[in-house]
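Asks: After the structure tokens below, expect a handful of questions from me.
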Amino acid sequence: MVNIKTIFKYAFKDLKTQKIRTILGTIGILISVGLLALVLFLADSISLGFVDYLSIDAGNQDLVITVRHYNGEPSNRSSFFAYNPIINEIRTTTSEVQYFIPRMEVQGDVNVSEGFGTQDLTNFQERALVSGINFSLENQIGFGTFLNPDENEGLGLDALKAYNCAIYYGFSDEIKYKENETIQINFIIRHGDKVYRPVKNFTIQYIFDYNLKWPANYRNKNLICVNIETLYEIFSDETGESIEGMCYKLISIFRNSGNLYDIRDVSGSEERVVDIASSIQLAIGLEEYNIELPKLEILSFSEILSMIFTIAIVFVSIIAMLISGILINGILKTSVEERIREFGIFRTLGAHKYYNLAIVILQGFLLCNFGTISGIVLALVGTRFLIIPFANNILLSNLAILGGATLSFNFTFFSILLAYLIGISVGLVVSISPAVKVMRLQIIESIHPYRHEDTLYRLQKKSSVNMKLIITGIILALNGGFIYLIIPRILISADLSLMAGTMIIILMIFLIGVTLAGIGLMPLVLKFIIGIFRPIARQLKQVVRIFVYRYQRRNTSTIIIFALSFSFVIFTSILLEDLSSTVQTGVYLNYGSDLLIESNGWEEDEGFSGGMFGGGGGFGGFSTSINLQNSDNQINPDKIFTTDFEEELLNFNGIERISSVLIRPYQLNQLYSQEEKEFMAEIGDYAGLSTQEIALIGIDERYHYTVNNQYLELTRGDMNTAFQTIQDENNMYCVISESIAIQSNFELGDKVRIVIHRGEEIERYIFTIAGMASSIPGFSQEFSSSASTTGNGGVLVSHENYLNIMEIPEPTWVDRFFIKLREDFLGLSGNLEENIDSSYKEIYNYDINNLAETVERQEASFSIMDTFFMLILAATVVICLFGLLSSSYSSIIERKKEIGIIRTLGLKGKEINRLFILEALIIMLSSGTVGVLVGWATGWLFGSSLSLLSNIPYQFYFPWTSVIAIYSISALFIYFGMKMLLRKARKKKIVEIYRETM
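Just so it is clear: in the sequence shown, position 914 is 1007 by this note's numbering, and no numbers are missing.
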């Protein structure tokens, strides 16, 4: 017990004696552990509060039932259905559904007013979505609320009289109507094979905002709310037929919704919800109804969020452990060096060697304990009162995809325990090295007045085994075992978070290894940086040079953490920029134009497996529409648009140009499956010695002018000439994928044989190659520069040639339309999308992809990631600066005698400041330069590899802003920090300095 008290006494005494060094070390640990705790608390807040976000974005809708139109249905089948039989069927099937909410939805046109307060109308009309709701039912179960848009408080809208309406405030501002004014709605009611267009006047009773009443995306749908009974009455007056008890969609609310969704278990959440939905789908019918799962659709985004936080936690953990470990190790080594004689005296007076070991380890434990506890407390306070409000007010409020959702502060005790254990364990581990050094020190060496570190020879016991060979062999075996045993299992698991965490760990280990190897260049870099500072140093240049080289050993830990931190900053900047650029380019390549309209309902072409960065975002995801229909059901040809639909699209205001792509062979297979007629296209050399299957694509003469040509790359041939040539009506030309050219050794201008299979018919056509492309907008999977590309290579031909060789009638079916918008209409692409949907969604099966909205959503996501990681890395640089100041302070204490001597020789206080500031700047710039070079080289390797993997051209990027920022922050920190540390040394009398050091 006495020994323990004595150990604590001496450990506290040394920390108290060196207050400044202790404070600097504690602050460094505080920041590193605080960062880790902050990330953990933020992850807890998002995980525990994500169900609230799901409710807001999905309008608190767990499951939505609508009518499914299928091939062979009665021609007069309506999109409205009787909901009571459906409810009864579901109640007998499952008890998981608590509430059912029927809704009517119809379209209507309204004239835009000349201005607020006037009855004069313009000729311009806006398409509105009229939503009929059952007020008494929704009030009874508390489903959502109407809000006052000015005060964000309850509006008191509990009912609407007949022919009264409420308008969403965003739409009201657009069409310029106020409360108590009359608005005329030109309804468009599709019922079976008939369309009714009644015109009714409504009184605007309220202008409203809402919460949990509709999904967040309804804010963009020009929403007008009426009583459902009013819509029943309008329909009855127009048709003489009653639709009482019918609805357009039936919203279902699960009984235990909070227990079904968990961001930390996305696959489990999917399984639980899909099980419920599947049983309901089987009960109500496989063909007749569609089931959508709005909350589960949003939860798919959480998998990406979970991956991001996995990367962040691993990334911050590595940085926190590495930098705080090096910092503590450097402080303890310096302390041990200064107290070697004191430890020797302890041994001389009878203390056991473990006594000295315990003192050093306890110092490391205390230092870590102070910093870790302070960091956790600071993280708790900072997350609750700074980070969460900042995220809500600045970041989340600018993300339309989040629908105005906010975060609430939450944390788990596991996060606190994890942060504490990491902080303490790192301190204990790095304390072992200096502690063992003290324990093994010989008494004679430690108390020798002229002791120095360098020794010529040291006797060692002869080893019975070669440990170096064993360690080297184990390292090589672990590397090989990881590649051949672990990585395949990770890939097979398809766990996105696990793969992301593993990838970032490997990248960090690689980066650390390359950085440590790069530190070997320090002598050359030091020499170069010292040469730069010669004009500034003037008469101090030789003294600065001597000091830098003489105390290089003491600065080793500082050099390492600076090099690592700078390399982390540069590498992360390049990594995020490369990811953002790759994903954004992938979207441009996948969509091709401002709007892309694709026919849907097809089975995917077996030749393609989907790209890593395609599909509107590149992150993957899953479909949340339950589709248990029989796969033998045929595609309904009447639901697929034809080339005539192009003329109808041109009637919409804002469209500048449209290009159509004809239906492809694999889609023809599905249309003609009943006739067992199979279509296929192959390409081969002129002699027909070798062939390969291709994706034959028919484009029109407007394609080249409609898509974004910035991403259209021809490896051989001229872009303009090639696309004009293939439209030649008298000859057969084509543009082929570079991957086909590589595999078959084709050259520009070669004659190729295209073989067309039409069931039992086979015909061969001779085409001339007009160009070879590595990327074609709108066909990112079909065109590649790599011969190893998965799937069939693409071949472009003209509409006329495609129709002739495939022998399909006109007007033929269209696979997709590329739409180029007018410049003044780019910001209104969402409105155009809504107008097209409202007119044709029930007539055709298609999807609209909006390029601007997708790119904006991705840019917002990456801006959050960039801000988040840059704040983390800026904090690591600050930690390094505290390490540098701690090392410099120890150096100042050790070199007091030298300071006294150079002051005796005539140096003033300002020269003392300049001397030490220059030394610190040289160390920072040298180690930082090594880190920048390593980070840039590693980032370049990553970016070029990513480019090869994604088949997207690599664009060189160097983060000049980040480099200038971290160098500037570091220089300012060093300047003011060193002036503060040198304040006593430069003001103390020379006699007092000699008295303390003699």
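We put the CB at the ideal spot given by N, CA and C, even for glycine.
Quantities reported herein were computed from a predicted structural model and do not represent experimental measurements.
Output needed for R757: all residues of its chain with C-beta closer than 6 Å, excluding positions within five of it in sequence on either side, in chain order.
Replies: So the qualifying residues of the chain are D908.
Asks: What is the residue span of the alpha helix (DSSP H) that F506 lies within?
Replies: That run of the alpha helix (DSSP H) goes F506 to R533.
Asks: List the endpoints of the continuous alpha helix (DSSP H) containing T159.
Replies: No alpha helix (DSSP H) holds T159; the beta strand (DSSP E) holding it covers L156 to V160.
Asks: Is the stretch 256 to 275 touching the stretch 315 to 324, taking contact as three or more C-beta pairs under 8 Å?
Replies: With the cut-off at 8 Å, the stretch 256 to 275 and the stretch 315 to 324 touch.
Asks: Just to confirm, is the Cβ distance from I226 to C318 under 8 Å?
Replies: Their beta carbons are under 8 Å apart, which means I226 touches C318 by this criterion.
Asks: Between G475, E207 and W906, which lies nearest to E739 when the distance is taken from Cα to Cα?
Replies: With distances taken between Cα atoms, E739 lies closest to W906.
Asks: Write down the C-beta distance between Y684 and L944 rounded to the nearest angstrom, noting that I regard them as a contact closer than 8 Å.
Replies: About 5 Å; that satisfies the 8 Å criterion.
Asks: Excluding five sequence neighbours on each side, which residues of the same chain lie with their C-beta closer than 7 Å to the C-beta of I748?
Replies: The answer, listed in chain order, is L742, I912 and L914.
Asks: Using a Cβ-Cβ cutoff of less than 7 Å, which residues in the same chain neighbour G249 once the five nearest sequence positions on both sides are dropped?
Replies: Counting only Cβ-Cβ distances below 7 Å, and skipping sequence neighbours, we find nothing.
Asks: If you drop the 5 nearest sequence neighbours on each side, which residues of the same chain put their C-beta closer than 8 Å to that of E935?
Replies: Around E935: H162, S172 and R283.
Asks: Hey, which unbroken runs of the beta strand (DSSP E) at 3 residues or more fall wholly within the stretch 897 to 967?
Replies: Runs found: 907 to 914 and 939 to 943.
Asks: Using the Cβ count rule (16 or more neighbours within 10 Å means buried), how would you classify A175?
Replies: Per the 10 Å Cβ criterion, exposed.
Asks: A866 lies in the beta strand (DSSP E); which residues open and close that run?
Replies: It spans E854 to S868 - the beta strand (DSSP E) in which A866 sits, taken as one unbroken run.
Asks: Under 8 Å, do I1062 and V662 count as touching if we go by C-beta distance?
Replies: In this structure, V662 does not lie closer than 8 Å to I1062 by Cβ.
Asks: Kindly list the residues whose CB is nearer than 6 Å to the CB of T608, restricted to its own chain and excluding five residues on each side of it in sequence; keep chain order.
Replies: Answer for T608: A656, L657, S660 and V1027, listed in chain order.
Asks: Determine the direct distance from the alpha carbon of L316 to that of S224, and round the result to whole angstroms.
Replies: Near 7 Å, if we compare the C-alpha coordinates of L316 and S224.
Asks: Relative to the alpha-carbon of F1069, which residue among I1045, G573 and L974 has its alpha-carbon at the smallest distance?
Replies: Comparing Cα-Cα distances from F1069 to each of I1045, G573 and L974, the minimum goes to L974.
Asks: What whole-angstrom Cβ distance do L460 and T187 have, given they're in contact under 8 Å?
Replies: Their Cβ separation, rounded to whole angstroms, is 58 Å, which puts L460 and T187 out of contact at 8 Å.
Asks: Give the straight-line distance between the Cα atoms of L473 and G464, rounded to the nearest whole angstrom.
Replies: Computed Cα separation, rounded: 14 Å.
Asks: What beta strand (DSSP E) runs, 3 residues minimum, are completely inside the stretch 431 to 468?
Replies: Those beta strand (DSSP E) runs which fall completely within the stretch 431 to 468 and span 3+ residues do not exist here.
Asks: Assuming F839 contacts I833 under a Cβ cut-off of 8 Å, what Cβ separation, rounded to an integer in Å, is found between them?
Replies: Indeed they touch by this definition, with Cβ atoms about 7 Å apart.
Asks: Rank Y1047, T735, G613 and T784 by C-alpha distance to the C-alpha of G679 and give the top, closest one.
Replies: Residue Y1047 is the option with its Cα nearest to G679.
Asks: Under the rule that 16 or more other beta-carbon atoms within 10 Å means buried, what is F209, buried or exposed?
Replies: Per the 10 Å Cβ criterion, exposed.
Asks: CB T293 to CB I278, shorter than 8 Å?
Replies: Note that residue 293 is Lys in the sequence shown here, rather than Thr. Contact flag set, yes.
Asks: Just how far apart, CA to CA, sit I605 and I183?
Replies: Rounded to the nearest angstrom, the two C-alpha atoms are 58 Å apart.
Asks: Go ahead and pull the three-state DSSP assignment for I629.
Replies: If DSSP states are grouped into helix, strand and coil, I629 belongs with the helices.
Asks: Is I1015 helix, strand or coil when you go by DSSP?
Replies: Residue state, collapsed to three classes: helix.
Asks: Indicate whether T818 and A863 have their beta-carbon atoms separated by less than 8 Å.
Replies: Contact: yes.
Asks: In the DSSP assignment, find the unbroken alpha helix (DSSP H) run with A1058 in it and report its ends.
Replies: A1058 -> alpha helix (DSSP H) spans W1053 to L1074.
Asks: Quick one: grab the DSSP three-state call for F217.
Replies: DSSP places F217 in strand when its eight states are reduced to three.
Asks: To the nearest angstrom, how far is the alpha carbon of C827 from that of I327?
Replies: Each residue's alpha carbon lies about 56 Å from the other.
Asks: Can you tell me the Cα-Cα spacing of S524 and T99, whole angstroms?
Replies: Looking at the two C-alpha atoms, the distance is approximately 19 Å.
Asks: Could you give the uninterrupted runs of the alpha helix (DSSP H) lying entirely in the stretch 168 to 214, keeping only those of 4 residues or more?
Replies: 176 to 186, all fully within the stretch 168 to 214.
Asks: Verify whether the separation of the beta carbon atoms of Y262 and P242 is less than 8 Å.
Replies: Yes, the Cβ-Cβ distance between Y262 and P242 is below 8 Å.
Asks: Any chance the stretch 381 to 393 sits against the stretch 194 to 204, with 3 or more Cβ pairs inside 8 Å?
Replies: Output reads no: the stretch 194 to 204 does not touch the stretch 381 to 393.
Asks: Examine the Cβ distances between the stretch 467 to 487 and the stretch 562 to 570 and report whether three or more of them are shorter than 8 Å.
Replies: Output reads no: the stretch 562 to 570 does not touch the stretch 467 to 487.
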